[in-house]
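Numbering (mature numbering (1 follows the signal peptide of the UniProt record, and there is no 0)), first residue to last: -18 to -1, 1 to 236.
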């Protein structure tokens, strides 16, 4: 299998970052992955209520906006509108103290049979984190490369002690560069009892690791509402395994 070198765009040009202590978006990558599908990834800053848009650029000069796959209830699917409750992103160090990785999936991106030659990432609003005027990011053209998805992994998760710690185990995948583990913990119910507020935990692990233990956050047991766990795979070429048709597993704690 040919695994091309990833082109990383470091062209994020912030006009202003309303919280200078938060990292600016960076590390933009754009992959053509066959069948007129694309995967875009980048390191996203931690300011919330920020709407991202994505425009494909074609060889004939056309620039076309495309919307990524969205699924609010799947913790492994990043959302372009990054809020506290949605915008599920790939945490890299077990807590929320670092910037996140966002992974966006696109279909039907071909134009007259041709795949994009580049993408442009940009923000359009940031209404609660700061003013939309003061929080704007855009990139130059992020050149596309051809990539293929790694296989998905199989995984299990269970409570291992009275502190409600959760052990996650997964199978190794050929040509994996890393694994990203997600653990979503319900904290308290909405006032109308229609759902739960949640807090997210996660971490990035090297390809040699197949097990991790996550803190229980024992003050948020909520035995009636399960914790959700998912493991995603990053291939050696930088492409992530597909999350559009997958379901996280439930772990109940007592």
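Idealized CB from N, CA, C, for every residue including glycine.
query: Looking at the structure shown, is residue 25 part of a helix, part of a strand, or coil, going by DSSP?
result: strand
message: Excluding the 5 residues flanking residue 150 on each side, which residues of the same chain have their C-beta closer than 8 Å to its C-beta?
response: 137, 138, 139, 163, 165, 193, 194, 195, 196, 211, 213
Strand pairing of residue 124, partner residues [DSSP]: 101
- prompt: With respect to the beta strand (DSSP E) encompassing residue 152, which residues constitute its N-terminal and C-terminal limits?
  reply: 148 to 152
query: Sorted by chain position, which residues of the same chain lie with C-beta nearer than 7 Å to residue 73's C-beta, five sequence neighbours on each side aside?
result: 82, 182, 183, 184, 185
query: In its own chain, which residues sit with a C-beta less than 8 Å from the C-beta of residue 52, not counting the 5 before and 5 after it?
result: 59, 61, 62
- prompt: Since residue 35 is in the beta strand (DSSP E), which residue starts that stretch and which ends it?
  reply: 32 to 39
query: Does DSSP put residue 210 in a helix, a strand or coil?
result: strand
field: Per-residue DSSP class, three states only, for residue 57
entry: coil
task: Given a cut-off of 9 Å, decide if residue 71 and residue 229 are closer than it, judged by their beta-carbon atoms.
output: no
field: Other residues of its chain near residue 135: CB distance less than 6 Å, five sequence neighbours each side excluded
entry: 152, 153, 155, 213, 215
- prompt: What's the gap between the Cα of residue 113 and the Cα of residue 18?
  reply: Only weak support is given to the placement of residue 113: the predicted model assigns it a pLDDT of 48, under 50, and the value that follows is read from those uncertain coordinates. Roughly 36 Å between the two C-alpha positions.
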